[in-house]
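Be aware that the first sequence starts at 32, since it is given in our numbering, and climbs by one per residue. A virtual CB, placed ideally from N, CA and C, is assigned to each residue, including glycine. Quick caveat, the model's predicted, so the values are computed rather than measured.
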Amino acid sequence: MMDFTKRVRGTRDFLPPFSVKRAEFLRIIEDTYREFGFLPWDTPALETAELLTSKGGEEIREELYIFKDKAGREIGLRFDLTLPTARVLAENKTMPLPIKRYMIGKVWRYDRPQAGRFREFTQADVDIFGSDKPVADAEVVAAPWTALKRAGLEGTVQVNDRRLLDAIADYVGLPESRRAEFYRAIDKWYKVGEDGVRKELGELGKYLDRFLEFNNGLDELPEPTEDIKKAKDCLLKLGEYLDDFGVIWTFNLFIVRGLDYYTGPIFETFVDRPTSILSGGRYDKLIGLLGGRDIPAVGMSIGVDRALDLYVDSMDLQAKEADVYVAVIPGYEGEAIQISKELRAGGKSVFMDVTGRKLGKQLADAERRGIRTVVIVGRETEKGQVVVKSLESGEQKTVPIDSMITL
RNA sequence: GUCGGGGUAGUGUAGCCUGGCUAGCACACGGGACUGUGGAUCCCGUAGCCCGGGUUCAAAUCCCGGCCCCGACCCCA
């Protein structure tokens, strides 16, 4: 016997009431992005394996969904929204700059699933193309940060800069060949603390000591070299703008992020757990590497499913299925349709009963769905009236159809 | 890729160590008591031992193998 109820590993079904909250969250994000002047883009879920593997080594294939199509072409599912977008910009060489775009979509990674980590998940990106100014960095942080705040999640953005890391690495003599290893280790600071990082670093710990000389806050950061001073000034400027936007942020020398894209400021956002729900950075070289013009770019991405997985209970999201429940007495279906139509025209979302079950069942159904206002459509319609009942107070009155919208 | 913990109705669980009633309970779901008034109560109903093999008179229970889930590490563009 086949089991047709199996799901693909690491994927999820979204059902009410969770799916209602999820939709609400996505709506808040999208509205906020639009308010900041970002425009919607969409690109295919499928991309060529060539593109997907263009950054990072062969081992990156282990993290991807890649397969051959019927013609033998190697294709795969996108693992983020940045690379496909960069592909579009590399391909369309005359798009008017700057571009502020957002994209909300599913991405896939062949990771081992665990808490806050899935094989199919949703990201909500904003990116600005065509500006290398700190004000662009700040805005691209502010839009998603504000969206999270509106959803009830006030995070702290940890800010760092790749150029600062590299400038300090140059200054303290950290060999190029050991940098990836070193950065990967210090990136875990937030999670495992200094002791954990030191343990992983081993003999590289001596460089950590040198890095710690630069860890006394951004204002007091020493400037022994010109590169360090430049990176610092850039971060100070960025910080000012973040303050102007009202973003809560802090400088953190031990934020690194992935090693393949980023060339400037980098961001991770935490609420009260060591798992980032909003991250990104500046990647000025990517589009050029894909064959386009060199276009400066900076982007951020909300980990939508991760944020919901970790925080849905403390978020400020509506779970109500509709504004009004239309209960229908058998025989009055036509009237109920008309009345539902009017309610919708008045801006209400309407759940109309379609089962013809008895009234008691319909009221219980409304209750269960979290809908607190019921319009009962029955014999009163013959006098142009309906019964409007509040499930909250239990009160009800018979009113003319025209005036029901105000209730 | 490495390591741990688990799989009993839709969900959560009891039973397992110490094999043996018809596998119990709660919630949820459907129907009824109540033929036009919800949340309470009562009654009825649907529905389960992950798969395969072994031991035994007898396996949810013990043994072996497999599959799957959860979590941690690695990695996370």
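Worksheet item: Terminal residues of the continuous beta strand (DSSP E) containing residue 421?
Response: Counted from its first residue, the first sequence places residue 421 at position 390. 416-421 is the span of the beta strand (DSSP E), which, as asked, contains residue 421.
Practice prompt. Determine the direct distance from the alpha carbon of residue 364 to that of residue 354, and round the result to whole angstroms.
Written response: In the first sequence, residue 354 corresponds to position 323, counting from 1. In the first sequence, residue 364 corresponds to position 333, counting from 1. Taking the straight line joining both Cα atoms gives about 19 Å.
Worksheet entry | Contact set for residue 340: own chain, Cβ-Cβ below 7 Å, skip 5 residues either direction | As a working mapping, residue 340 is identified with position 309 in the first sequence. The beta carbon of residue 340 sits closer than 7 Å to those of 147, all from its chain and outside the five residues before and after it, given in chain order.
Item to complete: State buried or exposed for residue 384, treating a residue as buried only when at least 16 other CB atoms are found within 10 Å of its CB.
Response: Within the first sequence, the letter at position 353 stands for residue 384. It is buried - the Cβ of residue 384 has at least 16 other Cβ atoms within 10 Å.
Worksheet item: From what residue to what residue does the alpha helix (DSSP H) around residue 169 run?
Response: Residue numbering aside, residue 169 sits at position 138 when the first sequence is read from its first letter. From DSSP, the alpha helix (DSSP H) with residue 169 extends over 165-181.
Practice prompt. Determine the direct distance from the alpha carbon of residue 420 to that of residue 412, and round the result to whole angstroms.
Written response: Position 381 of the first sequence holds residue 412. Position 389 of the first sequence holds residue 420. Straight-line Cα distance between these residues: approximately 15 Å.
Fill in: Cβ neighbour criterion (16 or more within 10 Å) applied to residue 408
Working through the first sequence from its first residue, we reach residue 408 at position 377. With 16 or more Cβ atoms within 10 Å of its Cβ, residue 408 is classed as buried.
Worksheet entry | Beta-carbon gap between residue 183 and residue 347 smaller than 8 Å | For this step, residue 183 is matched to residue 152 along the first sequence. For this step, residue 347 is matched to residue 316 along the first sequence. Against a cut-off of 8 Å, the Cβ pair of residue 347 and residue 183 comes out as a contact.
Worksheet item: residue 234 to residue 205, Cα distance in whole Å?
Response: Here residue 234 refers to the residue found at position 203 when the first sequence is read from its first residue. Here residue 205 refers to the residue found at position 174 when the first sequence is read from its first residue. Cα to Cα, residue 234 sits roughly 12 Å from residue 205.
Practice prompt. Determine the burial state of residue 371: buried for a count of at least 16 other Cβ atoms within 10 Å of its Cβ, exposed for fewer.
Written response: Indexing the first sequence from 1 puts residue 371 at position 340. Residue burial is scored here from C-beta neighbours: residue 371 has at least 16 other C-beta atoms within 10 angstroms and is therefore classed as buried.
Worksheet item: Which stretch, first to last residue, makes up the beta strand (DSSP E) that contains residue 309?
Response: Numbered from 1 along the first sequence, position 278 holds the residue referred to as residue 309. Counting along the chain, the beta strand (DSSP E) containing residue 309 begins and ends at 309-313.
Worksheet item: Roughly how many angstroms separate the alpha carbons of residue 32 and residue 38, rounded to a whole number?
Response: Taking the first sequence and counting its residues from 1, one reaches residue 32 at position 1. Taking the first sequence and counting its residues from 1, one reaches residue 38 at position 7. In this predicted model, residue 32 has a pLDDT of only 49, less than 50, meaning its place in the structure is not dependable enough to derive any value.
Item to complete: Counting only the same chain and skipping the five closest in sequence on each side, list residues whose C-beta sits under 6 Å from that of residue 260.
Response: Locating residue 260 in the first sequence gives position 229, counting from the first residue. Within the same chain, residue 260 has close Cβ partners 254.
Worksheet item: What did DSSP end up calling residue 296 once you bin it into helix, strand or coil?
Response: Here residue 296 refers to the residue found at position 265 when the first sequence is read from its first residue. Note: residue 296 maps to strand in three-state DSSP.
Discussion item. Between the alpha carbons of residue 214 and residue 249, how many angstroms are there, rounded?
Written reply: The residue you call residue 214 lines up with position 183 of the first sequence. The residue you call residue 249 lines up with position 218 of the first sequence. The alpha-carbon separation between residue 214 and residue 249 amounts to approximately 19 Å.
Fill in: Distance, residue 46 Cα to residue 151 Cα
On the first sequence, position 120 is the one that residue 151 refers to. On the first sequence, position 15 is the one that residue 46 refers to. C-alpha separation (whole angstroms): 16 Å.
Discussion item. DSSP three-state label for residue 115, please.
Written reply: Against the first sequence, residue 115 aligns to sequence position 84. Residue state, collapsed to three classes: helix.
Item to complete: Locate the alpha helix (DSSP H) running through residue 188, then write down its first and last residues.
Response: For this step, residue 188 is matched to residue 157 along the first sequence. Counting along the chain, residue 188 sits inside no alpha helix (DSSP H); it lies in the beta strand (DSSP E) bounded by residues 187-192.
Fill in: Inter-stretch contact (C-beta, 8 Å, three-pair minimum) for the stretch 311-326 and the stretch 286-297
Under the Cβ criterion (8 Å, minimum of three pairs), the stretch 311-326 counts as touching the stretch 286-297.
Practice prompt. Could you spell out the range, first to last residue, of the alpha helix (DSSP H) harbouring residue 371?
Written response: Working through the first sequence from its first residue, we reach residue 371 at position 340. Its alpha helix (DSSP H) spans residues 364-376.
Practice prompt. May I ask you to report which of helix, strand or coil DSSP gives residue 32?
Written response: The residue you call residue 32 lines up with position 1 of the first sequence. Only weak support is given to the placement of residue 32: the predicted model assigns it a pLDDT of 49, under 50, and the value that follows is read from those uncertain coordinates. In the three-state scheme derived from DSSP, where H, G and I count as helix and E and B as strand, residue 32 is classed as coil.
Worksheet item: Residues in its own chain within less than 6 Å of residue 302 by CB, not counting five upstream and five downstream?
Response: Residue 302 sits at position 271 when you count from the first residue of the first sequence. Here the set comprises 184, 186.
Worksheet item: When you compare each of 414, 417, 286 to residue 222 by their alpha carbons, which one comes out closest?
Response: Position 191 of the first sequence, counted from the start, is the residue given in the question as residue 222. Selected option, being the one with the closest Cα: 286.
Worksheet item: How would you label residue 177, buried or exposed, when you count the other beta carbons within 10 angstroms and need 16 or more for buried?
Response: Residue 177 sits at position 146 when you count from the first residue of the first sequence. A buried status is given to residue 177, since no fewer than 16 other beta-carbon atoms sit within 10 Å of its beta-carbon.
Worksheet item: Just the Cα atoms here: how many angstroms apart are residue 74 and residue 101?
Response: As a position in the first sequence, residue 74 is number 43, starting the count at 1. As a position in the first sequence, residue 101 is number 70, starting the count at 1. Going by the C-alpha atoms only, they are around 22 Å apart.
Fill in: Limits of the unbroken alpha helix (DSSP H) element including residue 263
In the first sequence, the residue the question calls residue 263 occupies position 232. For residue 263, the enclosing alpha helix (DSSP H) stretches over residues 257-276.
Worksheet item: If we call anything under 8 Å between Cβ atoms a contact, is residue 321 one with residue 193?
Response: What you label residue 321 is simply residue 290 of the first sequence in a count that begins at 1. What you label residue 193 is simply residue 162 of the first sequence in a count that begins at 1. No, the pair does not count as a contact, with Cβ atoms beyond the cut-off.
Worksheet item: Would you say residue 335 and residue 153 are within 8 Å of each other, going by their C-beta atoms?
Response: Locating residue 335 in the first sequence gives position 304, where the first residue counts as 1. Locating residue 153 in the first sequence gives position 122, where the first residue counts as 1. Using a Cβ distance threshold of 8 Å, residue 335 and residue 153 count as a contacting pair.
Worksheet item: Name the DSSP bridge partner or partners of residue 157?
Response: Here the question's residue 157 lines up with position 126 in the first sequence. In DSSP, residue 157 forms a bridge with 133, 331.
Fill in: The beta strand (DSSP E) enclosing residue 318, as first and last residue numbers
Numbered from its first residue, the first sequence carries residue 318 at position 287. Per DSSP, residue 318 belongs to no beta strand (DSSP E); it is in the alpha helix (DSSP H), 317-320.
Discussion item. Check this for me: beta carbons of residue 168 and residue 327, under 8 Å apart or not?
Written reply: Start at 1 with the first residue of the first sequence, and residue 168 comes out as number 137. Start at 1 with the first residue of the first sequence, and residue 327 comes out as number 296. With contacts defined as CB atoms closer than 8 Å, residue 168 and residue 327 fail to qualify as a contacting pair.
Practice prompt. Using the Cα positions of residue 116 and residue 277, report the straight-line distance between them to the nearest angstrom.
Written response: Start at 1 with the first residue of the first sequence, and residue 116 comes out as number 85. Start at 1 with the first residue of the first sequence, and residue 277 comes out as number 246. Rounded to whole angstroms, the separation of the alpha carbons of residue 277 and residue 116 is 28 Å.
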